[in-house]
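Student: Residue numbers (the numbering used here), protein chains in the order written: chain A, 56 to 184; chain B, 97 to 235.
The C-beta atom is built at its ideal place from N, Cα and C for all residues, glycine as well.
Right under this line is the structure:
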């Protein structure tokens, strides 16, 4: 038995204002499954793709993550450092109780940008890009 | 009356989910709720990842997982390996800080193990056993 993790990659290009200003796409990574040392490379690759495409803000919808270990936390922290260097951020949303508990144990919940819904995350992302 | 079970698997990352399921089933039998079962899984996952990455460090080996279930009381987990002794004192102590930009990642796994379990005890070079890690969680 081995674990599975899937990352559904989408992006939204927000159009705002009367003049229809089109901003850069905001990648949304909907992650599902068990995030441990055997699966973390799936998320790592998805994050790397978004970074290489120039993303400044990346939204990670964690609603379907059933489990996260320190391997997953390390990848989140590393990706956050990379986007912060370009003035951006990693935004997490819809954390399950188990994921929130593990993040609380290392103090991440209070330090990462976390929202309850994807909509709130998008609104916040618009303020950054 | 306690129940004892044992599982032996190759020391590979693709075995982590199997080890977690084995220990989660025992934790449920003790009577732990979902949140505590998740924490117990986490402790075993972190411990086994350390064995794979540091004790065996790529060489072939096995992890022996023993659990002792005491319904309505406690779960005792013993992990045995024959790899290089892993000295937890050599790992920098993880300290949550006020800034993610300055946070050091080293020691994260050990920190989670100690947070998740009531007792964590490392022993090295145990005659006939190799390295032994014993973790206890009380209900």
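1. Which residue comes first and which comes last in the beta strand (DSSP E) that contains residue 152 of chain A?
2. Would you list, in sequence order, the uninterrupted beta strand (DSSP E) runs of no fewer than 3 residues that lie entirely inside the segment 123-209 of chain B?
3. Compile a chain-ordered list of the residues in the segment 100-115 of chain B whose CB is closer than 7 Å to at least one CB of chain A.
4. Using a beta-carbon distance below 7 Å, is residue 223 of chain B in contact with chain A?
5. At a CB-CB cut-off below 8 Å, which residues of chain A make contact with residue 142 of chain B?
6. Looking at residue 115 of chain B: is its Cβ nearer than 7 Å to the Cβ of residue 140 of chain B?
7. Quick one: any contact between the segment 164-181 of chain B and the segment 216-229 of chain B, if contact means 3 or more CB pairs under 8 Å?
8. Given a cut-off of 7 Å on the beta-carbon distance, is the pair residue 165 of chain B and residue 124 of chain B in contact?
9. Quick one: any contact between the segment 97-105 of chain A and the segment 156-169 of chain A, if contact means 3 or more CB pairs under 8 Å?
10. Identify the continuous alpha helix (DSSP H) that holds residue 126 of chain A and give its terminal residues.
11. Based on Cα-Cα distance, which residue from B:108, B:135, B:197 lies nearest to residue 136 of chain A?
12. Buried or exposed, going by whether 16 or more other CB atoms sit within 10 Å of the CB of residue 195 of chain B?
13. Using only CA atoms, which one of A:109, A:81, A:115, A:92 lies nearest to residue 167 of chain A?
14. Can you give me the C-alpha to C-alpha distance between residue 200 of chain B and residue 111 of chain B, rounded to a whole angstrom?
15. Please list the terminal residues of the continuous beta strand (DSSP E) segment that includes residue 96 of chain A.
16. With a threshold of 7 Å between beta-carbons, can residue 96 of chain A be considered close to chain B, or not?
Tutor: So, to answer that:
1. Note, residue 152 of chain A: premise wrong, no beta strand (DSSP E); alpha helix (DSSP H) at 152-160.
2. 158-166, 170-177
3. 109, 110, 112, 113, 114
4. no
5. 124, 125
6. yes
7. Output reads yes: the segment 216-229 of chain B touches the segment 164-181 of chain B.
8. Between residue 165 of chain B and residue 124 of chain B, the CB-CB gap reaches or exceeds 7 Å.
9. With a cut-off of 8 Å, the segment 156-169 of chain A and the segment 97-105 of chain A do not count as touching, because too few Cβ pairs lie within range.
10. 125-140
11. B:197
12. exposed
13. A:115
14. 28 Å
15. No beta strand (DSSP E) holds residue 96 of chain A; the alpha helix (DSSP H) holding it covers 95-107.
16. no
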